[in-house]
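Take a look at the structure below.
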Ligand code: AMP
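Numbering (my numbering), first residue to last: 3 to 445.
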C-alpha cells in the first residue's frame, strides 16, 4: 500500500515524501480512507504508531477541498492533554500542510496569550489546543468554534486522567452539532467508552496495535538494584555504554529533581521535565534533549505522555510505575516508528510487587536479573523493609480515609486503568511497518 493509493492529493503526497515516509503505518492505512469519507472514527492507537499523520493528512485534504475562498473560520480543532503534545501535533500539521493553502496554530497555557490571540485574529483553519487555554480564549471571544466541523480528541484517555472531562464537554457545547469526530486513545476504560458514546456517531473502529502490548522491537531488561545504588548503576550504564540519549522515569516530581541533580554531579548532562516546571523550562529541556545537547531527560509519567522523540534508543525506569499501564506508555518511547530500542527497569525491594502487576497486564513474564556489585546489603534490606511497613501503614490509612471520602480522580484513574479491557489482545503482535532508520549520531 502506498500513500497515493490511500487517496491523498499531490500536495500532501509531496509533503509526506519530504518527511521521508515511504509506506503508510498500519493506523494510517486504516484511518486515512475512512476519515476522507467523512466518517467518525474511534481509534485505538498510542504515540509512536504514526497516528498524528493518520488524522492530520485526511483533515488537511478535506479542508483544502471545501475551503471558503473569502474567510478562514476554524474548521478543525485538535484537543490534546499536554502542552508538549499540542506543540508536537502542531509541528506535524505545519509540515504536512506545507504545499496546501491552510493555516494552523497552537494554543496552550503557561505562556502569555497575546501572540496566540493575534494569530487567531488573522484566521486559522486548523487549531491545536489544550482544553484550558482554549476555553480561556473562547471566554475572551478571541476565537469562535461556530464553524468547526471536525473535532479530534488526541490521547483521550490521558485527557480524562488529567480531569479534562468537564472542559471537553464545555468545548463540545460550542461546536456545531453536525460535525465529524475522531477520537484517539491508547487504552479503553469504561469512562473512555462513555465519552465516545456521547460524542461519536456510528464510528468506525480502527486499531493500530493491540491494547497494552509492548512494542515488538523493544528489548526489555529488568534488574534488581537496591534503591541506594540506583544512581551509581545508571551512571555506570550511561558512561560505559556511551549512551547519548536516555529518557529516565521517576514516579514523583521530587524524585525527578533529585535524580537530575545526582546525574549532573556525576558529570552526565541532564534535565527534568514535570508538572512543577515552567512551560519555558519544559520546552527548553525537551529541545536540548532532542538536539542531543543533554544526554538524559528525567520525566514523570504525565509530563512524558505523548512525547515524540524519534528513534529514542534507551528508556530507563529508574523507578517502576505503580500503574501497570504506565509501563507500556513509558517503554513505548523507544522502539518508535519501527526502530529497535532498549527499556531497562530497576527494581528495588519494595517495587517487586509492581513487576507482578506489569506481568499480569502484559501476560508476559519479565526475567529479573541480579547484578554483580549491586547486591542488597543488610542496610538496603533494613531500609526497604521499613519502607514497606511505611507503605503498608499509609495504604491502610488511605483505605480508612477512602471509606469516609468520595474517590478522587487519580484513584478513579488507577482503578479503571488496572482493569485490562481486552486481556485476550495483550500479546505483542507482529508489524511489518518499518519507519525511519536511526541516525548515525545516535549510538
Ligand atoms: P506519532 O505516533 O504520530 O507520534 O508518530 C510517531 C513517529 O513516526 C513520528 O516521528 C513520525 O514522524 C513518524 N512517522 C509517522 N508516519 C510515518 C511513516 N509512514 N513512516 C515512517 N515514519 C512515520
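In this text, a Cβ means the ideal position worked out from N, Cα and C, and glycines have one as well.
Q.
Short of 7 Å in beta carbon distance, which residues of its chain neighbour residue 405, apart from the five on each side in sequence? Order them along the chain.
A. Only weak support is given to the placement of residue 405: the predicted model assigns it a pLDDT of 39, under 50, and the value that follows is read from those uncertain coordinates. Counting only Cβ-Cβ distances below 7 Å, and skipping sequence neighbours, we find nothing.
Q.
So the candidates are 302, 266, 16, 365; which of them puts its Cα closest to the Cα of residue 279?
A. 302
Q: Return the residue from the list 233, 253, 271, 241 that minimises the CA-CA distance to residue 1.
A: Lying before the first or after the last residue shown, residue 1 is absent from the chain, which here runs from 3 to 445.
Q | Exposure of residue 277, with buried meaning 16 or more beta-carbon neighbours within 10 Å | A | exposed
Q: Could you tell me whether any non-hydrogen atom of the ligand MG is closer than 8 Å to the CB of residue 17?
A: As for the ligand MG, it is missing from this structure, which binds only the ligand AMP.
Q.
Measuring alpha carbon to alpha carbon, tell me which residue in 143, 147, 296, 100 is nearest residue 80.
A. 147
(Q) Taking the beta carbon of residue 256 as the centre, do at least 16 other beta carbons fall within 10 Å, making it buried, or is it exposed? (A) Within a 10 Å sphere around the beta-carbon of residue 256 sit fewer than 16 other beta-carbons, which makes this residue exposed.
**Q.** Endpoints, beta strand (DSSP E) assigned at residue 101
**A.** Counting along the chain, residue 101 falls outside any beta strand (DSSP E), and DSSP gives it neither H nor E.
Q | residue 164 to residue 122 span [Cα, whole Å] | A | 26 Å
Q: Kindly indicate if chain D contains any beta-carbon less than 9 Å away from that of residue 76.
A: No chain D is part of this structure, which consists of one protein chain only.
Q) Can you name the start and end residues of the alpha helix (DSSP H) that residue 181 belongs to? A) No alpha helix (DSSP H) holds residue 181; DSSP gives it neither H nor E.
Q | Proximal residues to residue 472 (C-beta, below 6 Å), its chain only, five neighbours per side dropped | A | Here the chain has residues from 3 to 445 only, and residue 472 is not among them.
Q: Jot down the residue ranges of each uninterrupted beta strand (DSSP E) in the segment 16 to 50, minimum 3 residues, whole runs only, in chain order.
A: Correct list: 43 to 46.
Q.
For residue 64 and residue 152, which I take to be in contact (beta-carbon distance under 8 Å), what is that distance rounded to the nearest angstrom?
A. Confirmed, about 7 Å.
(Q) Taking a contact to mean a Cβ-Cβ separation below 9 Å, would you say residue 55 touches residue 94 in this structure? (A) yes
Q. Buried or exposed: residue 53, going by 16 or more other Cβ atoms within 10 Å of its Cβ?
A. buried
Q. Between residue 160 and residue 129, what straight-line distance do the alpha-carbon atoms span, to the nearest angstrom?
A. Inter-residue distance for residue 160 and residue 129 is about 20 Å (C-alpha atoms, whole angstroms).
Q.
I'd like the span of the beta strand (DSSP E) that includes residue 222, first residue to last.
A. 220 to 226
Q. Can residue 94 be considered in contact with the ligand AMP, in the sense that its beta carbon sits closer than 8 Å to one or more heavy atoms?
A. yes
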